[in-house]
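Participant: My questions all concern the structure below.
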Amino acid sequence: MCEMLAREKKNIARNAVRSKETMLSALIVQHWSLSVIALKHQYIAARYDQQRGSSDSRGYDSKRRRFRLDYLRRNPLCLDCLDQDRVTAATEPHHLIKLKIEPDRKYNETNLRPLCHECHSIRTARGG
Ligand SMILES: [Zn+2]
Numbered sequence: 010m011c012e013m014l015a016r017e018k019k020n021i022a023r024n025a026v027r028s029k030e031t032m033l034s035a036l037i038v039q040h041w042s043l044s045v046i047a048l049k050h051q052y053i054a055a056r057y058d059q060q061r062g063s064s065d066s067r068g069y070d071s072k073r074r075r076f077r078l079d080y081l082r083r084n085p086l087c088l089d090c091l092d093q094d095r096v097t098a099a100t101e102p103h104h105l106i107k108l109k110i111e112p113d114r115k116y117n118e119t120n121l122r123p124l125c126h127e128c129h130s131i132r133t134a135r136g137g
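Sequential numbering of the sequence shown, starting at 10, is according to the working numbering.
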């Protein structure tokens, strides 16, 4: 009887170790899968950046970022939405005259209009 109990105890202990090992294996596989996915995303982002150039080469330098944030802090609402009696947060300073045409007016606020993403897309699509 004592021998049977001892064997049963050993089995329980062995099963517990196996179950811990299984859980650990599952965690390792899960972690590995997530790492592979993260690496894949990093690779895709790097390829995308390579194709379109770095943020600095596209003109998104730190001065521009700071200016954008400051401008949106002072002009927090989308003016096109306000014209239609909607209150929407502005997320993008829109250049009324395109930078390609007048690059010197990049930070000139008389050439800017605060817009939400949707209104900015509409204006950009129609070219002004
Ligand atoms: Zn809007």
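Glycine residues also receive a C-beta, built at the ideal position from the N, C-alpha and C atoms. Owing to the predicted nature of the structure, the values given are computational and were not obtained by experimental measurement.
#1: May I ask you to report which of helix, strand or coil DSSP gives Glu-101?
#2: Helix, strand or coil for Arg-82, going by three-state DSSP, please let me know.
#3: Return the residue from the list Glu-17, Ser-28 and Val-96 that minimises the CA-CA distance to Pro-85.
#4: For His-104, count neighbouring Cβ atoms within 10 angstroms of its own Cβ and tell me buried if that reaches 16, exposed if not.
#5: Please list the terminal residues of the continuous beta strand (DSSP E) segment that includes Arg-122.
Facilitator: This is what the structure holds:
#1: The residue given as residue 101 occupies position 92 in the sequence shown. Residue state, collapsed to three classes: strand.
#2: Locating residue 82 in the sequence shown gives position 73, where the first residue counts as 1. Looking at Arg-82 - three-state DSSP - the assignment turns out to be helix.
#3: Position 76 of the sequence shown, counted from the start, is the residue given in the question as residue 85. Here the closest residue by C-alpha is Val-96.
#4: The sequence position of residue 104 within the sequence shown is 95, counting from 1. Buried: at least 16 other Cβ atoms inside 10 Å.
#5: As a working mapping, residue 122 is identified with position 113 in the sequence shown. Note, Arg-122: beta strand (DSSP E), 121-124.
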